[in-house]
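Residue numbers (the numbering used here): 2 to 404.
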């Protein structure tokens with residue numbers, strides 16, 4: 002490992018706290034102008050560059066704040082401690098953010114990457130009051146092992162190639178998800194069809210093809226599930242890091258892989274509750290607050306209905322019948338009878354299979370891109386650990402010749 006000199010952060014960069022000297026902070030006479038006023042939530046970006054902002058100041062607001070130039074590095078010192086990003090425009094910010102500007106002889110991108118490796122250090126030194134925070138006395142004396150300027154530049158250039166790959170992959174994932182959403186809405190409503198299918202779709206009752214699952218947990222199943230909008234039916238221990246069920250789960254519903262459950266609670270992205278299929282486990286148990294069901298016969302494609310429910314095709318009907326219960330833990334007051342009387346407009350089995358196959362292929366492509374993104378992130382973290390400590394050298398001249 003190369004022995005680089007150790008310096009304090011405030012020896013190689015200016016470290017200044019943001020400013021907004023008004024109480025209360027929400028006084029409307031200071032807001033609404035054209036001066037970006039960054040908040041802690043604006044700093045956590047995947048690319049490490051802030052290009053958007055959630056609030057603005059007017060000229061009166063700027064009088065009680067201060068302006069920082071584009072290219073400044075920001076670090077959060079309250080709430081989410083230690084998030085680091087570069088700002089792509091002139092801005093103002095409150096004292097929950099610290100502005101860092103490298104001095105001559107310090108590569109800004111190298112310093113940003115170094116500070117990103119210090120998040121856990123900053124978090125470990127946060128005070129635990131009503132809101133976690135750190136102060137300048139924690140940041141300014143931070144010890145920095147600093148290489149030569151050419152080495153800083155080479156490290157920053159190398160890591161930026163990983164950032165470029167990460168950003169490109171994220172954009173691909175976003176584009177794929179957007180394309181999938183549009184096609185899903187068209188295909189699952191019958192507005193767009195594959196040319197080989199011309200037979201009209203049928204309108205049927207939910208109860209015509211589904212039956213309720215009410216088997217109780219007499220088998221002593223211990224895996225308690227919860228329905229998450231993002232993760233589907235997932236073990237409570239994995240989701241909450243603990244079990245939040247009651248002491249006795251013998252009366253819970255026992256569901257098996259391939260069966261569905263309707264969570265009658267509104268959640269992000271699912272204003273009228275979420276229907277999820279049990280995919281990741283062979284079986285599990287659910288609170289009786291859930292409405293569980295399965296096919297009455299196997300003349301339908303399960304994947305088609307998984308996509309059909311995920312597309313929110315029942316939302317319009319659920320909105321008409323759902324009311325927030327005054328009791329029952331804020332559940333939507335969707336009765337079993339109303340639920341099984343919902344109408345479904347669906348194609349025949351062959352068209353169900355064709356649509357499901359098409360959407361499944363989209364999901365596989367997105368999953369592969371997500372794995373690639375995760376791999377890039379892991380590779381970058383490994384490189385940062387080696388390069389920013391001097392364990393590995395870049396050999397800048399040789400590296401550039403290879404390009």
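Don't be surprised by glycine CBs; every beta carbon is placed ideally from N, CA and C.
Closest residue to residue i among the options (Cα-Cα distance)
i           : options               : result
residue 386 : 25, 71 and 115        : 115
residue 307 : 364, 334 and 291      : 364
residue 289 : 301, 218 and 19       : 218
residue 93  : 239, 317, 10 and 31   : 31
residue 405 : 374, 275, 311 and 352 : Any question about residue 405 goes unanswered here, given that the chain covers just 2 to 404.
residue 318 : 355, 298 and 342      : 342
residue 202 : 346, 156, 151 and 66  : 346
residue 1   : 264, 260 and 291      : The structure shown does not extend to residue 1, since the chain spans only 2 to 404, so no value can be given for it.
residue 197 : 158, 99, 274 and 351  : 351
residue 395 : 238, 36, 322 and 155  : 155
residue 353 : 285, 121, 199 and 130 : 199
8 Å Cβ cutoff met for residue i and residue j
i           : j           : result
residue 305 : residue 212 : no
residue 225 : residue 256 : no
residue 287 : residue 267 : no
residue 72  : residue 119 : no
residue 169 : residue 230 : no
residue 174 : residue 371 : yes
residue 109 : residue 13  : no
residue 309 : residue 254 : no
residue 9   : residue 143 : yes
residue 78  : residue 65  : no
residue 273 : residue 323 : yes
Residue i to residue j span [Cα, whole Å]
i           : j           : result
residue 153 : residue 76  : 20 Å
residue 234 : residue 223 : 15 Å
residue 328 : residue 334 : Any reading at residue 328 needs caution, since the residue's pLDDT is 45, under 50, leaving its predicted position unreliable; the model's value is listed next. So the alpha carbons of these two residues sit roughly 10 Å apart.
residue 70  : residue 90  : 7 Å
residue 107 : residue 140 : 17 Å
residue 63  : residue 40  : 15 Å
residue 214 : residue 258 : 12 Å
residue 28  : residue 34  : 13 Å
residue 53  : residue 88  : 9 Å
residue 381 : residue 189 : 40 Å
residue 391 : residue 137 : 27 Å
residue 57  : residue 80  : 21 Å
residue 171 : residue 205 : 40 Å
residue 338 : residue 128 : 53 Å
residue 238 : residue 227 : 9 Å
residue 264 : residue 51  : 37 Å
residue 123 : residue 135 : 7 Å
residue 416 : residue 85  : Coverage of the chain is limited to positions 2 through 404, which leaves residue 416 absent and any answer about it impossible.
residue 348 : residue 301 : 10 Å
residue 192 : residue 21  : 53 Å
residue 102 : residue 332 : 51 Å
residue 282 : residue 165 : 37 Å
residue 178 : residue 368 : 11 Å
residue 210 : residue 366 : 31 Å
Residue i in three-state terms, based on DSSP
i           : result
residue 79  : strand
residue 164 : helix
residue 66  : coil
residue 137 : helix
residue 91  : coil
residue 342 : coil
residue 21  : coil
residue 229 : strand
residue 47  : coil
residue 285 : strand
residue 332 : coil
residue 213 : strand
residue 54  : coil
residue 11  : helix
residue 35  : strand
residue 236 : strand
residue 204 : strand
residue 394 : coil
residue 299 : coil
residue 261 : strand
residue 294 : strand
Assigned exposure category for residue i - 16 Cβ within 10 Å defines buried
i           : result
residue 45  : exposed
residue 241 : exposed
residue 95  : buried
residue 375 : exposed
residue 1   : Past the edges of the chain, shown from 2 to 404, lies residue 1, and the structure says nothing about it.
residue 314 : buried
residue 355 : buried
residue 299 : exposed
residue 145 : buried
residue 113 : buried
residue 97  : buried
residue 157 : buried
residue 180 : exposed
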